[in-house]
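>
Residue numbers (the numbering used here): 162 to 697.
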């Protein structure tokens, strides 16, 4: 999808049309919607739907225009009917039999508002359950870009922090946990460019966190934070299922302490325990059973998983410094650092207190609401490389604060789950010229998604081959905008017939543009190939 103003075009991929939607606004309420052509051979035309409320918020489109087989349509004088209102648009495609596709993602615009010289919302890239990257059309002013109140996400997702990337056009949002397979709407207001021009209030984009590969890893205990003599925060290695997490009987504490209540927190990997009184100066062991994760086939924590913690003596000064407990990799540009106790905000959020070797820059640090987890937003990690995090200067919340031992270290590794096919593809958060990802699901029946990334607008061809090298299906042959693209293959050939079970290859070919005198010529064809398995 791209949003065009008088300054420049901006791109954001939408589905299921294998197309991009353009909205440009001029004067007197003129709005133009256009899109790249759908590659299906039996395409008959397109329909544009519009309405005052997003369908993701329960709205119903109250306008419909059948534009036939053209890829652009202009609405005139919309400000007469919708003066100053935000209007939502979506596009569908239909074939000669009258079959109609699902809606594209939405775009929206305030009718009659001039976009000239304003920063614009280009794209939303989801890098994991707790990190969303927001791409803007131009460099931003730091303060407004990093004001978390300028961003809101539907369906109860909290924005915990915002960090402006060094490129000044990307903002890394750290959020509460998204649910995979669910669609969300990000709304942005108050963000300014370097000249002080402010984005249109209520600018929004919808996005979906795709389903993950099969999860077979059970949750584990990471740490326990003692809040006071009768309240604990239990931190798990991943989000846990609410029913099992809030069952008091799944927790046992020695030395006569009883668990009175268990409550899963907004960050679904944290459970708050209310207990009978602990005795100051003693060390306790917490034992956990039956707590499950959120996998489609839930994994249950190992039987009698346990962790020890100490309650400081009430009459004694806390002299125990915080320690590094674990690092949880949330994605190629975010890691969560878990400390042994709650830490003080200013030192925890000082990015200069963290260093990652080899060669990963820490862009920002955000303290979680549990006070013992710090979300680090970083430059991109490389796949299957062991990293060392070094922490200094982080203090606990004691009356006389204790600082972590200078130079405390912990090692971890980033292993991308999104590119399982090997080869020279980079991870999705830091792609280079173009990247082809492994299809999901794989093996599949009846359909699968193929995802790829383009660093800029390029001419591409995406085809499916059988093991004899014969073309089975041409999925895309078009010039596509920069960004992430997703194409669905339903297991049929170009004639619409179902293909048998077996191994198939899918190939993405990209042409680069080279300057030849005064001309741009498509040369130097490059190609990526991956395997997938269809099971009938």
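Here a beta-carbon is modelled for each residue, glycine too, at the ideal position from N, C-alpha and C.
Under 8 Å, do residue 219 and residue 249 count as touching if we go by C-beta distance?
Looking up residue 219 in the chain shown gives position 58. Looking up residue 249 in the chain shown gives position 88. Cβ atoms of residue 219 and residue 249: not closer than 8 Å.
> For residue 394, count neighbouring C-beta atoms within 10 Å of its own C-beta (all shown protein chains included) and say buried if the count is 16 or more, exposed if not.
To locate residue 394, count along the chain shown from 1; it is residue 233. Residue 394 should be labelled buried.
> Can you look up residue 702 in the DSSP assignment and give me helix, strand or coil?
No answer is possible for residue 702: it lies beyond the span of the chain, which begins at 162 and ends at 697.
> With a floor of 3 residues, list each beta strand (DSSP E) that falls wholly inside the region 277-359, ordered by position along the chain.
282-289, 292-297, 312-314, 320-325, 331-336 and 344-349, all fully within the region 277-359.
> Would you identify the three-state DSSP class for residue 239, choosing helix, strand or coil?
One-based indexing of the chain shown puts residue 239 at position 78. Reduced to three states, the DSSP call for residue 239 is helix.
> Is it buried or exposed, residue 696, if we count other Cβ atoms within 10 angstroms and call 16 or more buried?
As a first step, residue 696 must be located in the chain shown, where it is residue number 535. Result: exposed.
> In the DSSP assignment, what residue or residues form a beta bridge with residue 399?
Numbered from 1 along the chain shown, position 238 holds the residue referred to as residue 399. Paired residue(s): none; residue 399 is not in a bridge.
> Determine contact between the region 510-525 and the region 463-470, defined as no fewer than three beta-carbon pairs at a distance below 8 Å.
Output reads no: the region 463-470 does not touch the region 510-525.
> Measure the alpha-carbon distance for residue 224 versus residue 668 and round it to whole angstroms.
Your numbering for residue 224 matches position 63 in the chain shown. Your numbering for residue 668 matches position 507 in the chain shown. For residue 224 and residue 668, the distance between alpha carbons rounds to 39 Å.
> My understanding is that residue 414 touches residue 447, with C-beta atoms under 8 Å, so please give their C-beta distance in whole angstroms.
Counting from 1 along the chain shown, the entry for residue 414 is found at position 253. Counting from 1 along the chain shown, the entry for residue 447 is found at position 286. Contact holds; Cβ gap of about 5 Å.
> If we ignore side chains and look at the alpha-carbon of each, how far apart do residue 692 and residue 664 end up?
For the purposes of this step, residue 692 is taken as residue 531 along the chain shown, with counting starting at 1. For the purposes of this step, residue 664 is taken as residue 503 along the chain shown, with counting starting at 1. If I take the Cα positions, the gap works out to 7 Å.
> Would you list the residues sitting across from residue 609 in a DSSP beta bridge?
Start at 1 with the first residue of the chain shown, and residue 609 comes out as number 448. In DSSP, residue 609 forms a bridge with 650.
> Within 10 angstroms of the Cβ of residue 263, are there 16 or more other Cβ atoms? Answer buried if so, exposed if not.
Looking up residue 263 in the chain shown gives position 102. By the 10 Å Cβ count, residue 263 comes out exposed.
> Among 571, 320 and 278, which one has its Cα closest to the Cα of residue 295?
Taking the first residue of the chain shown as 1, we reach residue 295 at position 134. Looking at the Cα atoms, 320 is the closest of the given residues.
> What did DSSP end up calling residue 508 once you bin it into helix, strand or coil?
Taking the first residue of the chain shown as 1, we reach residue 508 at position 347. In this structure, residue 508 counts as helix in the three-state DSSP scheme.
> Which one of 501, 618 and 345 has the shortest CA to CA distance from residue 370?
Sequence index remark: in the chain shown, residue 370 carries index 209 (1-based). It is 345 whose Cα lies nearest to the Cα of residue 370.
> The beta strand (DSSP E) that contains residue 659, what's its start and end?
Taking the first residue of the chain shown as position 1, residue 659 is located at position 498. No beta strand (DSSP E) holds residue 659; DSSP gives it neither H nor E.
> Would you say residue 265 and residue 281 are within 8 Å of each other, going by their C-beta atoms?
Looking up residue 265 in the chain shown gives position 104. Looking up residue 281 in the chain shown gives position 120. No, these two residues do not count as a Cβ contact at 8 Å.
> Determine the contact status of residue 199 and residue 251, defining contact as a CB-CB distance below 8 Å.
The residue labelled residue 199 in the question sits at position 38 within the chain shown. The residue labelled residue 251 in the question sits at position 90 within the chain shown. No; because the gap between Cβ atoms is not below 8 Å, this pair is not in contact.
> For residue 259, does the count of other Cβ atoms within 10 angstroms reach 16, so buried, or fall short, so exposed?
Start at 1 with the first residue of the chain shown, and residue 259 comes out as number 98. It counts as exposed.
> Hey, which unbroken runs of the alpha helix (DSSP H) at 4 residues or more fall wholly within the region 211-257?
As far as the region 211-257 is concerned, its whole alpha helix (DSSP H) runs of at least 4 residues are 239-242.
> For residue 404, name the three-state secondary structure that DSSP assigns.
Position 243 of the chain shown, counting from 1, holds the residue named residue 404. Correct three-state label for residue 404: helix.
> For the region 436-523, which segments carrying the beta strand (DSSP E) assignment without a break, of at least 3 residues, lie completely within its bounds, in sequence order?
Runs found: 444-449, 466-471, 485-492, 495-500 and 515-518.
> For residue 570, collect the residues of the same chain with a Cβ closer than 8 Å to its Cβ; drop the 5 residues on either side in sequence, then sort them by chain order.
Position 409 of the chain shown holds residue 570. Here the set comprises 485, 549, 550, 551 and 552.
> For residue 392, which residues in the same chain have their Cβ closer than 8 Å to its Cβ, ignoring the five residues on either side in sequence?
Counting from 1 along the chain shown, the entry for residue 392 is found at position 231. Around residue 392: 433, 434, 435 and 436.
> How would you label residue 230, buried or exposed, when you count the other beta carbons within 10 angstroms and need 16 or more for buried?
The sequence position of residue 230 within the chain shown is 69, counting from 1. Under this definition residue 230 is an exposed residue.
> Where does the unbroken beta strand (DSSP E) through residue 634 begin, and where does it stop?
The sequence position of residue 634 within the chain shown is 473, counting from 1. That run of the beta strand (DSSP E) goes 632-641.
> Using a Cβ-Cβ cutoff of less than 8 Å, which residues in the same chain neighbour residue 563 once the five nearest sequence positions on both sides are dropped?
Counted from its first residue, the chain shown places residue 563 at position 402. Same-chain partners within the cutoff: 479, 480, 481, 482, 483, 556 and 557.
> How would you label residue 221, buried or exposed, when you count the other beta carbons within 10 angstroms and need 16 or more for buried?
Taking the chain shown and counting its residues from 1, one reaches residue 221 at position 60. The residue is exposed, with fewer than 16 neighbouring Cβ atoms inside 10 Å.
> Return the chain-ordered list of same chain residues with a C-beta closer than 6 Å to the C-beta of residue 322, the five sequence neighbours on each side being excluded.
As a position in the chain shown, residue 322 is number 161, starting the count at 1. Only 309, 335 and 527 meet the Cβ criterion.
> Between residue 452 and residue 411, which are expected to be in contact by the criterion C-beta below 8 Å, what is the C-beta distance as a whole number of angstroms?
Residue numbering aside, residue 452 sits at position 291 when the chain shown is read from its first letter. Residue numbering aside, residue 411 sits at position 250 when the chain shown is read from its first letter. Confirmed, Cβ separation roughly 6 Å.
> Between the C-alpha atoms of residue 591 and residue 439, what's the straight-line distance to the nearest angstrom?
Numbered from its first residue, the chain shown carries residue 591 at position 430. Numbered from its first residue, the chain shown carries residue 439 at position 278. Low confidence applies to residue 591: its pLDDT is 35, below 50, so where it sits in the model is not reliable, and the reading given next is rough at best. If I take the Cα positions, the gap works out to 48 Å.
> I believe residue 458 touches residue 333 by the beta-carbon criterion, under 8 Å. Please report the beta-carbon distance rounded to the nearest angstrom.
Along the chain shown, read from residue 1 onward, the residue named residue 458 stands at position 297. Along the chain shown, read from residue 1 onward, the residue named residue 333 stands at position 172. So it is not a contact: roughly 32 Å between Cβ atoms.
> Would you say residue 329 reaches chain C, if we count a Cβ-Cβ gap shorter than 8 Å as a contact?
No chain C is part of this structure, which consists of one protein chain only.
> Do you know how far the Cα of residue 241 is from the Cα of residue 586?
In the chain shown, counting from the first residue as 1, residue 586 sits at position 425. In the chain shown, counting from the first residue as 1, residue 241 sits at position 80. In this prediction, residue 586 has a pLDDT of 32, which is less than 50 and means its spatial position is unreliable; what the coordinates show is noted afterwards. Those two C-alpha atoms are separated by around 50 Å.
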